[in-house]
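Take a look at the structure set out below.
In the numbering used here, the protein residues as written are 12 to 278.
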């Protein structure tokens with residue numbers, strides 16, 4: 012049964028407070044083992060992925076449509092003014108849900124169960140993180156390893172941009188960094204660093220053998236991969252560019268590179 016809330020200061024809505032304040036949410040969500048999912052489709056994906064709902068907050072006008080998602084958790088309803096006052100933005104998707112996080116797997120577990128891997132260093136933009144997870148899922152890369160300091164894949168914006176694919180692709184943080192990259196090579200992957208640095212080869216020329224278990228590593232936009240990360244790679248590869256364009260957005264580059272190395276043979 013939906014529970015109406017009229018006071019934006021109601022303590023029962025504390026999980027949803029100031030959702031646009033990144034610093035506050037970072038201090039609150041991960042230490043408390045929680046994350047926020049936004050919108051009917053994303054909430055449904057989280058439930059189907061086995062995440063346990065803590066509560067749901069929905070627009071009172073959509074209670075009949077959405078309250079059924081909260082089978083085992085309280086469902087709070089409120090008007091748009093209360094929703095905006097609590098969250099800090101207009102909740103135009105009509106539904107938010109707070110979920111309990113799952114423990115992250117060890118890197119060895121991911122390395123033993125996936126065939127193609129995306130590795131990220133210094134990616135601290137949540138939109139890019141979400142887009143990269145959606146690319147990985149759509150193009151057959153079935154695991155993600157992140158350097159410490161990368162943005163949280165379960166931050167609300169990352170989850171939304173990924174359309175819930177962060178729930179489908181196993182991921183964890185790789186430590187120590189960059190020494191931990193040796194685990195990837197030891198597990199039988201070929202570690203390809205994306206960089207326009209001298210000595211990089213056209214990614215389309217990667218051999219058939221090196222496409223069998225590829226690990227593609229991407230760095231932050233601007234600085235790219237660190238020298239230490241590049242040193243740990245088996246090979247440095249580059250996406251050929253035209254018209255004096257220097258590079259692609261990291262999410263776009265991930266899409267191009269993942270598609271290329273999902274093909275069994277070089278061009």
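By construction, the Cβ of each residue, glycine as well, lies at the ideal position given by its N, Cα and C atoms.
Note that this is a predicted model, so its numbers are computed, not measured.
- Taking the Cβ atoms as the reference, residue 176 lies roughly 5 Å from residue 144, within the contact range of under 8 Å.
- The three-state secondary structure of residue 87, taken from DSSP, is strand.
- Per DSSP, the unbroken beta strand (DSSP E) holding residue 183 starts and ends at 182-184.
- Excluding the 5 residues flanking it on each side, residue 212 has same chain C-beta neighbours closer than 8 Å at 246, 247, 248, 249, in chain order.
- The alpha-carbon separation between residue 63 and residue 252 amounts to approximately 45 Å.
- Counted as a single uninterrupted DSSP element, the beta strand (DSSP E) harbouring residue 226 occupies residues 225-229.
- Minimum Cα-Cα distance from residue 44 among the listed residues 54, 32, 56, 26 corresponds to 26.
- The beta-carbon distance between residue 181 and residue 141, rounded to whole angstroms, is 16 Å. This is too long to meet the 8 Å contact definition.
- Within a 10 Å sphere around the beta-carbon of residue 256 sit fewer than 16 other beta-carbons, which makes this residue exposed.
- Around the CB of residue 50, 16 or more other CB atoms lie within 10 Å, so the residue is classed as buried.
- Contact between residue 80 and residue 55 holds: their C-beta atoms lie close to 7 Å from each other, under 8 Å.
- In terms of Cβ geometry, residue 31 and residue 100 form a close pair [threshold 8 Å].
- Spanning the alpha carbons of residue 130 and residue 67 requires a straight line of approximately 33 Å.
- With a 10 Å radius around the Cβ and a threshold of 16 neighbouring Cβ atoms, residue 236 comes out buried.
- By the neighbour-count definition (other C-beta atoms within 10 Å, threshold 16), residue 70 is a buried residue.
- One alpha carbon belongs to residue 276, the other to residue 221, and they sit about 10 Å apart.
- Residue 22 carries a helical assignment under DSSP once its states are collapsed to helix, strand and coil.
- Taking 8 Å as the cut-off, the Cβ atoms of residue 239 and residue 203 do not count as close.
- In the structure shown, residue 46 adopts extended strand secondary structure according to DSSP, grouped into three states.
- Residue 110 sits in a strand when the DSSP states are folded into three classes.
- Beta-bridge analysis with DSSP links residue 246 to 203.
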